[in-house]
Amino acid sequence: MSSDIALPSSPSYLSLYTSGELERRVERALELLRSCRLCPRCCQVDRLEDEAQFCRTGRRARLASYAPHHGEEDCLRGLRGSGTIFFTGCNLGCVFCQNADISQRQDGPEAD
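Per my numbering: the sequence shown = residues 79 to 190.
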């Protein structure tokens, strides 16, 4: 079955980079880390100073894994696949989490 949806000829992050929007988004993300509000606990520690609270995560998140992913529909993954990034250190403890075996650990390399 072919798709009638036109796929972009280049990854969308390239236009975000050249337009300056990527840098603006990075700055907004860093502001969220200054008084952490990334999860519903809103602990407001300064993760830029490596303070940690319930999640035990400082300035840099820890990665469980990352890889290309080709299992989604064509319109979602494009021609070369989408990416998957799994983080460790989730503090929510959702009962039905399908990734609890990796998301609730505290190991893995720190993201740069």
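Each residue gets a CB set at the ideal place from its N, CA and C atoms; glycine is no exception.
Counting only runs of 4 or more residues that sit fully inside the region 149-176, the alpha helix (DSSP H) segments are 152-155, in chain order.
Residue nearest to Arg119 within the set Thr96, Phe132, Leu108 is Phe132 (criterion: CA-CA distance). By the Cβ neighbour-count rule, Gly171 is exposed, with fewer than 16 other Cβ atoms within 10 Å of its own.
The alpha-carbon of Asp124 is positioned some 9 Å away from that of Leu110. The closest CA to that of Ala142, considering only Gly98, Tyr91, Gln184, is found on Gln184.
If the five residues before and after Ala139 are omitted, its C-beta is found closer than 6 Å to the C-beta atoms of Phe165, Ala189, all from its own chain and listed in chain order. Counting only the Cα atoms, Asn169 lies some 13 Å from Asp179.
Secondary-structure assignment with DSSP links Ser143 through a beta bridge to Phe164. Across the structure, Glu101 and Leu94 are spaced so that their CA atoms are roughly 8 Å apart. Take the alpha-carbon of Thr96 and the one of Ser90: they are about 10 Å apart.
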